[in-house]
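Student: Sharing a structure with you now.
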Amino acid sequence: MERKKELRKHIASLKTRHADSAMRKLQSAKVLAALEAHPAFRAANTILLYHSLKDEVDTHAFIRKWSDKKRVLLPVVVDNDLELRIYSGPEDMATGSYGIEEPTGELFTDYAAIDFIAVPGVAFDLEGNRLGRGKGYYDRLLPRIPYAFKAGICFPFQLVEKVPAESYDIRMDIIITSNEDELSHPYHPLPPCDRE
Numbered sequence: 001m002e003r004k005k006e007l008r009k010h011i012a013s014l015k016t017r018h019a020d021s022a023m024r025k026l027q028s029a030k031v032l033a034a035l036e037a038h039p040a041f042r043a044a045n046t047i048l049l050y051h052s053l054k055d056e057v058d059t060h061a062f063i064r065k066w067s068d069k070k071r072v073l074l075p076v077v078v079d080n081d082l083e084l085r086i087y088s089g090p091e092d093m094a095t096g097s098y099g100i101e102e103p104t105g106e107l108f109t110d111y112a113a114i115d116f117i118a119v120p121g122v123a124f125d126l127e128g129n130r131l132g133r134g135k136g137y138y139d140r141l142l143p144r145i146p147y148a149f150k151a152g153i154c155f156p157f158q159l160v161e162k163v164p165a166e167s168y169d170i171r172m173d174i175i176i177t178s179n180e181d182e183l184s185h186p187y188h189p190l191p192p193c194d195r196e
């Protein structure tokens with residue numbers, strides 16, 4: 001627990017230094033270009049994204065871009081849980097918990113239909129382990145969606161040598177950041193991506 005706390009503090013200090021919006025935009029664009037080039041993303045019909053906070057890979061334009069090509073879901077914080085709602089456009093967003101813009105649209109519970117999940121995190125490691133903000137929202141959500149392809153997306157400084165993990169933690173299938181096209185844990189080989 002102490003190690004997780006230290007790691008969150010360390011990443012928070014790096015995020016402060018990384019707050020330059022031009023650099024954040026550039027790195028976000030690179031991460032999302034690699035994400036959308038991935039075969040699992042291309043093949044997906046129903047995708048779960050997240051509406052980013054100021055210190056995360058910026059997904060706002062990406063959500064709008066893909067919402068008319070795929071069914072896009074976004075999480076909504078309800079008490080200690082995440083509900084999923086269908087994104088229908090910027091006009092149907094309202095500020096929810098933690099100041100996050102959340103969709104007000106239709107509730108989505110067909111978890112088996114979700115093909116692909118872009119997962120935010122404080123830190124990730126090369127084995128696909130993820131450190132969240134400590135509230136456990138994704139820890140409770142991900143077990144309900146066992147068959148979806150899970151991509152952790154982050155800035156390069158959020159990729160660390162080792163994230164403390166328990167046996168019940170769900171690993172990502174891939175970690176995508178902007179200093180490499182893709183990174184994944186070694187026992188989950190990835191198909192090659194087309195690059196321009």
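Under full-length UniProt numbering, residues 1 to 196 are what the sequence shown spells out, in order. Positions of the beta carbon are idealized from the N, C-alpha and C atoms, including for glycine.
Could you spell out the range, first to last residue, of the beta strand (DSSP E) harbouring VAL77?
Tutor: Looking up residue 77 in the sequence shown gives position 77. It spans 71-78 - the beta strand (DSSP E) in which VAL77 sits, taken as one unbroken run.
Student: Does the Cβ of GLY134 have 16 or more other Cβ atoms within 10 Å, making it buried, or fewer, making it exposed?
Tutor: Residue numbering aside, residue 134 sits at position 134 when the sequence shown is read from its first letter. It counts as exposed.
Student: Look at the alpha carbon of ASP173 and the alpha carbon of ALA165, and state the distance between them as a whole number of angstroms.
Tutor: In the sequence shown, residue 173 corresponds to position 173, counting from 1. In the sequence shown, residue 165 corresponds to position 165, counting from 1. The alpha-carbon atoms of ASP173 and ALA165 are separated by roughly 15 Å.
Student: Excluding the 5 residues preceding and the 5 following ASN45 in the sequence, name in chain order all residues of the same chain whose CB lies nearer than 7 Å to its CB.
Tutor: As a position in the sequence shown, residue 45 is number 45, starting the count at 1. Taken in chain order, the residues that qualify are LYS70, ARG71 and ASP115.
Student: For LEU126, which of helix, strand or coil comes out of DSSP?
Tutor: Numbered from 1 along the sequence shown, position 126 holds the residue referred to as residue 126. Coil, per DSSP.
Student: Beta-carbon separation of ALA148 and ALA118 under 8 Å?
Tutor: Within the sequence shown, residue 148 is the residue found at index 148, counting from 1. Within the sequence shown, residue 118 is the residue found at index 118, counting from 1. Not closer than 8 Å, so no.
Student: Give me the Cβ distance between PRO103 and ASP92, rounded to the nearest whole Å; I'm assuming they're in contact under 8 Å.
Tutor: Walking along the sequence shown from the start, residue 103 turns up at place 103. Walking along the sequence shown from the start, residue 92 turns up at place 92. At roughly 6 Å, the Cβ-Cβ gap stays under 8 Å, so PRO103 and ASP92 are in contact.
Student: Expressed to the nearest angstrom, what Euclidean distance is found between the alpha-carbon atoms of LEU107 and ARG64?
Tutor: Working through the sequence shown from its first residue, we reach residue 107 at position 107. Working through the sequence shown from its first residue, we reach residue 64 at position 64. Answer to the nearest angstrom: the Cα atoms are 19 Å apart.
Student: So, ILE176 versus ALA34, is the Cβ gap smaller than 8 Å?
Tutor: Residue 176 sits at position 176 when you count from the first residue of the sequence shown. Residue 34 sits at position 34 when you count from the first residue of the sequence shown. In this structure, ALA34 lies closer than 8 Å to ILE176 by Cβ.
Student: When you compare only the Cα positions, how much space is there between SER97 and PRO39?
Tutor: As a working note, residue 97 is residue 97 in the sequence shown. As a working note, residue 39 is residue 39 in the sequence shown. In a straight line, the C-alpha of SER97 is about 33 Å away from that of PRO39.
Student: Using the three-state DSSP reduction, which class does residue 197 fall into: helix, strand or coil?
Tutor: Because residue 197 is not part of the residues shown, which for the chain are 1 to 196, the question remains open.
Student: Should ARG42 be labelled buried (16 or more other beta-carbon atoms within 10 Å of its own) or exposed?
Tutor: For this step, residue 42 is matched to residue 42 along the sequence shown. Burial call: exposed.
Student: Can you have a look at ASN80 and say buried or exposed, based on whether 16 or more other CB atoms are within 10 angstroms of its CB?
Tutor: Residue numbering aside, residue 80 sits at position 80 when the sequence shown is read from its first letter. With fewer than 16 Cβ atoms within 10 Å of its Cβ, ASN80 is classed as exposed.
Student: Is it buried or exposed for GLY121, if we count other Cβ within 10 angstroms and need 16 for buried?
Tutor: Position 121 of the sequence shown, counted from the first residue, corresponds to residue 121. Counting Cβ neighbours within 10 Å, GLY121 comes out buried, since at least 16 surround it.
Student: Is the beta carbon of PHE124 closer than 8 Å to that of HIS18?
Tutor: The residue labelled residue 18 in the question sits at position 18 within the sequence shown. The residue labelled residue 124 in the question sits at position 124 within the sequence shown. Not a contact, by the Cβ cut-off of 8 Å.
Student: Nearest-angstrom Cα distance between ILE86 and LEU73?
Tutor: Residue mapping note: residue 86 aligns to position 86 of the sequence shown, counting from 1. Residue mapping note: residue 73 aligns to position 73 of the sequence shown, counting from 1. Using only the alpha carbons, I get a separation of about 5 Å.
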